[in-house]
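Novice: The structure follows.
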Amino acid sequence: MRLTLPAKYKRTGLHVWCNTCKKVVTKSPCRRVGHSMVYQSRVWNPNTKQADLIKSWSNLDVEDAYLHHQEWKQLLVENEYDISAIQANYNEEIGESPQNLDQGIAWYLDYLKDLNVEEFEKKNLSEDYILEQKRFINRFREALIQKGVKIKSFQLNKRHLGIFHNYLENKGYANKTYNKHIVGLRTMYNAFITEGFTESNPFNRITQKYTVNNPDIVYEEELEQLFKVISYDNGWAQVGKTRRNFYRPWLRNAILLALYTGERRDGVFLLKWQHIEENYIKVPNFKVNRKQKIEDHHYLPITEDVASFLLTLERGGDDDYIIEPCHANRQTLKDQCSKAFSHFWSIAGFNTRKEFKALRKTLETRLWDMLGDKSKALKRHKNLSTTIDFYLGQKQIMEQLQGQKLFGFLSELNTKT
Numbered sequence: 001m002r003l004t005l006p007a008k009y010k011r012t013g014l015h016v017w018c019n020t021c022k023k024v025v026t027k028s029p030c031r032r033v034g035h036s037m038v039y040q041s042r043v044w045n046p047n048t049k050q051a052d053l054i055k056s057w058s059n060l061d062v063e064d065a066y067l068h069h070q071e072w073k074q075l076l077v078e079n080e081y082d083i084s085a086i087q088a089n090y091n092e093e094i095g096e097s098p099q100n101l102d103q104g105i106a107w108y109l110d111y112l113k114d115l116n117v118e119e120f121e122k123k124n125l126s127e128d129y130i131l132e133q134k135r136f137i138n139r140f141r142e143a144l145i146q147k148g149v150k151i152k153s154f155q156l157n158k159r160h161l162g163i164f165h166n167y168l169e170n171k172g173y174a175n176k177t178y179n180k181h182i183v184g185l186r187t188m189y190n191a192f193i194t195e196g197f198t199e200s201n202p203f204n205r206i207t208q209k210y211t212v213n214n215p216d217i218v219y220e221e222e223l224e225q226l227f228k229v230i231s232y233d234n235g236w237a238q239v240g241k242t243r244r245n246f247y248r249p250w251l252r253n254a255i256l257l258a259l260y261t262g263e264r265r266d267g268v269f270l271l272k273w274q275h276i277e278e279n280y281i282k283v284p285n286f287k288v289n290r291k292q293k294i295e296d297h298h299y300l301p302i303t304e305d306v307a308s309f310l311l312t313l314e315r316g317g318d319d320d321y322i323i324e325p326c327h328a329n330r331q332t333l334k335d336q337c338s339k340a341f342s343h344f345w346s347i348a349g350f351n352t353r354k355e356f357k358a359l360r361k362t363l364e365t366r367l368w369d370m371l372g373d374k375s376k377a378l379k380r381h382k383n384l385s386t387t388i389d390f391y392l393g394q395k396q397i398m399e400q401l402q403g404q405k406l407f408g409f410l411s412e413l414n415t416k417t
C-alpha cells in the first residue's frame, strides 16, 4: 500500500516508513511495487540526543496516525522519555474488554464496521456514516490532545466535556453540527455501557443546542436560474492550488430525477430501469434495505411531466442505472453531484445557500400542496409529524394560496440533451 504524508504533517516527527526498504520514504510515495509501508513516529530523545524513540502505526490513515503520534509524544513527556514505562499503553492487541478510552474507541470503530460482532448485532451502516462518526471521535481526541489531557480510563469529568465544548465553539460550527458531534459521542458511550465497559454516559450532561426544523425547498425561479448557469464554461473553480471543473453532463438529469422522485442521492444514483413500470415507479427503500436486508419499497405515480422527462433519457437494459450507467463507482457520482450542485448554486447568485437534498423536500412540499395529509401515503414516513417536521417547507405551505406552481416550468426542460 502506497502512503503519502501531506504537507501539514511534515516536520511533526511523523514519517512514512517502508518495511521492505527499511528506511524513511523521503520522496513519497515509494514507487516500488509490493512494498509494505506504515506511518511511523520518530521523536527526539533528550536523554540520548537522538531521534531514537520510534513507534510504527499499522493499518491507520494519516489522520489517525497523527493523533496517535501526538498522544505518544505526550506520554513520553509524562514518563520522562522512558519507553519501557509506557509500552503497555500501546499494545496493538486489544483484549476482549477494553481497559481505557483509547482501546474503547478502537473497539467502537470496529463495532461500527460489524467486525468481531455476532450476526444479530450487525448494523450494515453506510461508509459515509462510519466516516462521519470517526471524524466526531477524532475531533474529540484532538481537543483533549491540544490541552495536554490523557484519559486513562472511560471516566470523563466536567473539564473534559468543557474542553470539547469550547473546541466545537471555536470551530464555529452551526447548532445542528454541534449537536451531531455530541450525539455521536453519546452514542459511542451508550455502546460502552451496553458492553459493560462503563456505567454512565458523560455526554448526557451536555444540553443540545436549539435548532429550527424549517427546511429549504427549491423554487421555480431558482431552478430556472440554476439550469441557466449549468455549463462546462461555468464549471471551473479554484480549489486550493488546483483548478477544477465541476460540470458533469449528467448533472441536469440527476437534479430532475431527484426532483421528480424525492430520492436521496443514494436513490438517484441507484435507481435502475427495472424500477420503472408503465404507470408508476417502484422505488426501493435503499437505506432500510441496506440495513435490514429486506425488500421494502414505495410507489410514485408517473405523471405527465415525469413521463416526458423519462422519454428524454436513453433507456438501457433493466439492470442498468438510470443516471450514468457506465460508471461503476456510485459513491463517486454521489460526491461529484453534491459538489457540482453546490458550485453552480453558488455562481447562480442566490442569497440563500441550499444543498442537493433540498430537492427531496421540494417534492414532499408539492405533494402536500396537492394532496394534503394524504401525501404521506405515497412516502415512507408513516408518522405525519415526521413528514411535517423534516420535509415540508413551511413558507411554501403558507404561500400556497398565492398560486405558486413549483414544477410549472419543468416541461420546458424535458428536451433531449
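The opening position of the sequence shown corresponds to residue 1 in full-length UniProt numbering, with each subsequent residue numbered one higher. Note that the Cβ used here is the ideal one computed from N, Cα and C, for glycine as well. Being a predicted model, the structure only gives us computed values, none of them experimental.
#1: By Cβ distance below 8 Å, which residues in the same chain neighbour residue 325 in space, the five residues on each side in sequence not counted?
#2: Compute the distance between the beta-carbons of residue 229 and residue 51, then report whether it is under 7 Å.
#3: Where residue 123 and residue 343 are concerned, what is the direct C-alpha to C-alpha distance, given to the nearest angstrom?
#4: Within this structure, are the beta carbons of residue 143 and residue 167 separated by less than 7 Å?
#5: Tell me whether residue 72 sits in a helix, a strand or coil according to DSSP, three-state version.
#6: In chain order, what residues of the same chain have a beta carbon less than 7 Å from the beta carbon of residue 163, not counting five sequence neighbours either side?
#7: With contact counted as at least three CB pairs below 8 Å, one residue from each stretch, are the segment 304–319 and the segment 189–198 in contact?
#8: When the Cβ atoms of the segment 232–240 are set against those of the segment 198–210, are three or more pairs found closer than 8 Å?
#9: Is the distance from the Cβ of residue 340 to the Cβ of residue 248 below 7 Å?
#10: Does the distance from the CB of residue 269 to the CB of residue 334 come in under 7 Å?
#11: Residues in the same chain with beta-carbon distance under 6 Å from residue 156, minus the five sequence neighbours each way, listed in chain order, please.
#12: Give me the Cα-Cα distance between residue 95 and residue 10, rounded to the nearest whole angstrom.
#13: Return the chain-ordered ranges of every alpha helix (DSSP H) run that is complete within the segment 236–298 and spans a minimum of 4 residues.
#14: Looking at the unbroken alpha helix (DSSP H) that takes in residue 129, where does it start and where does it end?
#15: Answer yes or no: do residue 321 and residue 241 have a C-beta to C-beta separation smaller than 7 Å?
#16: Ends of the beta strand (DSSP E) at residue 54?
#17: What residues in its chain sit with their C-beta under 8 Å from that of residue 19, if we drop five residues either side in the sequence?
#18: Take every Cβ of the segment 110–117, pair it with every Cβ of the segment 39–47, and state whether three or more of those distances are shorter than 8 Å.
#19: Hey, how far is the Cα of residue 153 from the Cα of residue 75?
#20: Beta-carbon within less than 7 Å of residue 81's beta-carbon, same chain only, minus the 5 sequence neighbours each way: which residues are those?
#21: Count the other CB atoms, across all protein chains shown, that sit within 10 Å of the CB of residue 7; report buried if there are 16 or more and exposed otherwise.
#22: In or out: residue 112 buried (at least 16 other Cβ within 10 Å) or exposed?
#23: Residues in its own chain within less than 8 Å of residue 401 by CB, not counting five upstream and five downstream?
#24: Any idea what DSSP makes of residue 383, helix, strand or coil?
#25: Please state if the CB of residue 141 and the CB of residue 223 are separated by a distance shorter than 7 Å.
#26: The beta strand (DSSP E) with residue 18 in it runs from where to where?
#27: With residue 39 as the anchor, note down where its beta strand (DSSP E) starts and where it stops.
#28: Would residue 21 be called buried (16 or more neighbouring beta carbons within 10 Å of its own) or exposed?
#29: Quick one: grab the DSSP three-state call for residue 334.
#30: Beta-carbon of residue 270 versus every beta-carbon of chain C: anything under 7 Å?
Specialist: Reading from the atomic positions:
#1: 316
#2: no
#3: 34 Å
#4: yes
#5: helix
#6: 143, 144, 147, 149
#7: no
#8: no
#9: yes
#10: yes
#11: 202
#12: In this prediction, residue 95 has a pLDDT of 45, which is less than 50 and means its spatial position is unreliable; nothing more can be read from the coordinates.
#13: 251–261, 265–270, 286–292
#14: 127–146
#15: no
#16: 50–57
#17: 35, 36, 37, 38
#18: no
#19: 15 Å
#20: 45, 46, 47, 53
#21: exposed
#22: buried
#23: Residue placement at residue 401 is flagged as unreliable, the pLDDT there being 30, under the threshold of 50; the coordinate-derived value follows with that caveat. None.
#24: Since pLDDT at residue 383 reaches only 49, below the 50 mark, its modelled position is unreliable, and the value read off the structure follows with that caveat. The answer is coil: DSSP assigns residue 383 none of H, G, I, E or B.
#25: no
#26: 14–18
#27: 37–45
#28: exposed
#29: helix
#30: Judged by its chain identifiers, the structure shown contains no chain C, having just a single protein chain.
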